[in-house]
Amino acid sequence: MTLREPRWRRYARAAVNGSGQVADAEPSALSQLPARAKTAALFKLELRAKLAALSQEARAPAASGVHQRPDLRLTPTVVAVWAGAAISIGSSWPVAVGGAGTFFGVGILLGGYLWRRRHEGAETVRTGVAVAVLVAAVCLGTVLVAVGLRHYDREHSPLTQAVVSGQTLGLVMELSSTPRPLARGRGPQQVFFDAVVLQATAHGQLLTGRLEVQVIAGDPWAKLREGAIVSAVGASSRSGTPGKVVAVLRPATAPLQVQMPAGSPVRQMRAAWVNASQGAWASVAPDTAALLPGMVMGDRSAVTPALSESMKTVGLTHLTAVSGANCTLVLASLMLGLRTLHLPRAPTTAAAIAGLAGFVAVVGLDPSVLRAALMGGIGCLAVLGGRPKRVGALLSVSIVVLLILDPWLAIDYAFILSVLATLGLHLVGRRCALWLGVWLPWWLAQALAIPLAAQLFCAPVIVLLAPRLTLFTVPANMAAAPVVALVTTVGTFGMVAGFWWPALAQVCAAISGTGAWWVASVAQGMSALPGASLPWPAGARGAILMAVVNAAVLLALLGLLERHRFVLIANRVRSRLPPGLRFLFGFPCLTVVSAVCAGLWMLAVTGP
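Residue numbers (this note's numbering): 114 to 721.
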């Protein structure tokens with residue numbers, strides 16, 4: 114005799130597996146209902162089944178193997194290194210070197226303690242804490258040494274002292290970025306770009322070296338390209354921010370003695386792709402021709418200010434620069450293609466890392482690209498070693514390594530946003546997909562969860578850059594997500610092929626340009642909608658307020674859809690509080706806190 118399966122289990126299985134057979138689970142019970150009533154009944158049953166399945170997962174996450182605790186063992190090291198780098202870059206070299214010596218001394222003492230404990234055969238919780246502190250101290254000391262050496266070189270370099278003195282100098286410099294237009298004010302059009310000063314002439318004395326500066330110049334400089342070596346006369350002033358850029362230069366002349374960069378394969382690939390994009394789309398859709406090089410290789414020099422503002426309004430600016438998503442797509446495509454040819458794991462990993470390194474060399478060493486490329490390389494090594502990939506550990510290692518190599522990344526907004534987006538996807542990305550999957554199809558829930566998780570973590574930093582609330586960020590990213598892979602993969606192939614076969618690059622530009630056209634259309638259409646950009650408090654007040662709002666959204670979703678997990682977390686926190694403070698979780702206290710938060714909200718939004 115066959116036992117009949119309970120109805121809730123059949124509905125739960127159909128809802129979770131997405132089989133689309135919910136209507137067939139109980140035909141006898143639903144066949145007597147009218148069409149509209151049948152649709153409503155099916156929706157209620159499916160919603161109840163999904164909530165039951167989500168609640169069951171919340172009760173037994175370990176048994177189901179679905180929820181894995183994030184790997185946060187290196188979090189103290191990341192926090193220490195990041196804080197040390199951000200603080201030390203504003204200090205002097207004796208302070209940085211002295212701090213490095215202190216932390217190296219702490220590391221030596223802890224190393225001796227651990228060596229003695231190991232010979233005694235004692236493994237305790239105190240030993241684990243000592244290991245964590247040892248790793249953090251050594252990494253922090255290393256980053257302080259890097260900062261101290263850079264500060265020493267700046268303070269004792271004659272070239273640096275001459276450039277920041279404010280006097281008029283004759284300079285020879287190399288452009289490290291393509292000039293981009295500044296927002297037009299009342300005066301003539303100006304452009305800005307980054308450059309490296311190679312020589313400076315002051316009072317008949319020739320000074321040489323390498324010094325990073327930012328240049329603000331007139332419109333004649335707009336025709337230059339990255340890699341060009343030019344001469345100019347002008348005065349500079351010390352930069353007001355503690356970044357890598359030491360001074361801001363304003364040339365008093367047009368570019369003199371311009372030496373265009375040599376035709377290296379990398380520059381020829383980039384130039385061939387720009388030509389292919391212009392040839393395929395310049396006469397049809399100029400915005401697409403300007404956007405396509407930005408989405409493929411990060412060249413945003415041709416993007417018009419109007420399109421750039423539209424993309425900022427709806428939160429699509431990250432698509433105009435090469436990000437971690439591009440590196441992930443390139444690495445995944447290479448590994449999938451090579452494994453399809455049945456190559457062994459070691460050659461596949463080596464070839465994929467080499468291809469990723471070539472892609473990074475072509476598109477440029479942006480902070481997000483460096484972070485994503487390093488994570489991808491470490492992930493390949495983890496696969497080669499036969500160990501499962503741990504996103505949290507890979508992100509922590511990549512952050513520490515990049516901050517040691519370039520401590521000024523600690524205050525780079527692009528790097529901060531890239532890390533926060535990856536962290537958001539790692540911590541709450543799958544939970545957001547499960548929550549949204551209660552109401553939406555699974556494929557749509559996954560597509561919406563990616564921008565939602567990234568936006569929840571990045572929004573507090575974004576409002577520091579632009580104090581406004583962009584209501585259509587998630588819908589715009591959701592609409593643009595399906596074509597990003599097309600633009601990246603086909604565009605990258607066309608960029609490489611254009612070096613040997615320009616006609617094939619034209620075809621690739623025509624295909625991938627359809628995705629860029631769609632992105633531009635989404636940005637322009639949604640930015641024109643009412644309420645696309647609303648005012649928001651600026652500064653730290655706006656960032657804290659946005660963080661509180663996003664935390665409230667996550668807690669509301671957790672309490673609404675996973676009440677059992679929410680109650681468990683609340684009871685666990687309450688049990689760890691002293692008895693005298695447990696009243697904080699009572700209803701009267703929560704009512705008062707809610708009223709105070711509402712008052713602070715109104716004060717923050719409507720205040721001066």
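Think of the CB as a built atom: it goes at the ideal place given N, C-alpha and C, for glycine as much as any other residue.
Asked: S270 - DSSP class collapsed to helix/strand/coil; Found: coil
Asked: Closest Cα partner of V285 within the set A506, S688, L320, T188; Found: L320
Asked: Strand pairing of T314, partner residues [DSSP]; Found: G283, L319
Asked: Alpha-carbon to alpha-carbon, P378 and G340; Found: 13 Å
Asked: Sequence-distant residues of the same chain with beta carbon closer than 6 Å to G261, five excluded per side; Found: W206, A209, V210
Asked: Neighbourhood of H322 by C-beta, 7 Å cutoff - its chain only, sequence neighbours within 5 removed; Found: First, the residue type needs correcting, since residue 322 is Gly and not His in the sequence shown. Cβ within range, chain order: S270, L272.
Asked: With 16 other Cβ atoms within 10 Å as the buried cut-off, status of K425; Found: buried
Asked: Which listed residue (L540, R685, I517) has its alpha carbon closest to that of V191; Found: I517
Asked: Length-filtered (3 minimum) beta strand (DSSP E) runs lying within the segment 340-373; Found: 342-351, 360-364, 369-372
Asked: Beta-carbon proximity check, G604 vs M410, cutoff 9 Å; Found: yes
Asked: 9 Å Cβ cutoff, V504 in contact with chain D; Found: Of the protein chains in the structure, only one exists, and it is not chain D.
Asked: Cβ-based burial, H99 [other Cβ within 10 Å; buried from 16]; Found: Since the displayed the chain opens at 114 and closes at 721, residue 99 lies outside it and no answer follows.
Asked: S350 classed as buried or exposed, judged by whether at least 16 other C-beta atoms fall within 10 angstroms; Found: exposed
Asked: Through-space distance from G220 to M408, alpha-carbon basis; Found: 45 Å
Asked: C-beta atoms of L187 and A506 nearer than 9 Å; Found: yes
Asked: Residue nearest to A313 in terms of C-alpha spacing, selected from S289, A193, L362; Found: L362
Asked: Proximal residues to L530 (C-beta, below 8 Å), its chain only, five neighbours per side dropped; Found: H431, S481, C571, V574, I575
Asked: Straight-line gap, T291 to S414 (C-alpha atoms, nearest Å); Found: 6 Å
Asked: L599 beta carbon less than 9 Å from that of S625; Found: yes
Asked: Distance between A365 and S352 (C-alpha atoms, nearest Å); Found: 18 Å
Asked: Residues sharing a beta bridge with A327, DSSP; Found: Note that residue 327 is Gln in the sequence shown here, rather than Ala. Beta-bridge pairing links Q327 to D307, V361.
Asked: Bridge partner(s) assigned by DSSP for S646; Found: T583
Asked: Rounded C-alpha distance that separates S201 from V513; Found: 15 Å
Asked: Boundaries of the alpha helix (DSSP H) in which T190 is found, first to last residue; Found: 188-201
Asked: Backbone CA spacing between G628 and V666 [nearest angstrom]; Found: 32 Å
Asked: Pair within 9 Å by beta-carbon distance, G611 and A402; Found: no
Asked: Whether P580 touches P650 by CB criterion (9 Å); Found: yes
Asked: Contact between the segment 225-234 and the segment 248-256 (3+ Cβ pairs under 8 Å); Found: no
Asked: Distance between beta carbons of V346 and A324, contact taken as under 8 Å; Found: According to the sequence provided, residue 324 is Leu. The question's Ala does not apply to it. Not really, about 17 Å apart at Cβ, beyond 8 Å.
Asked: Contact check, V359 vs A589, beta carbons under 9 Å; Found: no
Asked: C-alpha gap between R685 and Q637, whole angstroms; Found: 48 Å
Asked: P406: first and last residue of the uninterrupted alpha helix (DSSP H) it sits in; Found: 399-410
Asked: Same chain only: Cβ atoms within 8 Å of A708, ignoring 5 sequence neighbours per side; Found: none
Asked: Distance, G212 Cα to A127 Cα; Found: The predicted position of A127 is uncertain, since its pLDDT is 49 and thus under 50; a value taken from the coordinates is nonetheless stated next. A127 and G212: Cα-Cα distance of roughly 60 Å.
Asked: V371 burial status per 10 Å Cβ neighbour count (16 or more: buried); Found: exposed
Asked: Bridge partners - L288, DSSP secondary structure assignment; Found: A308
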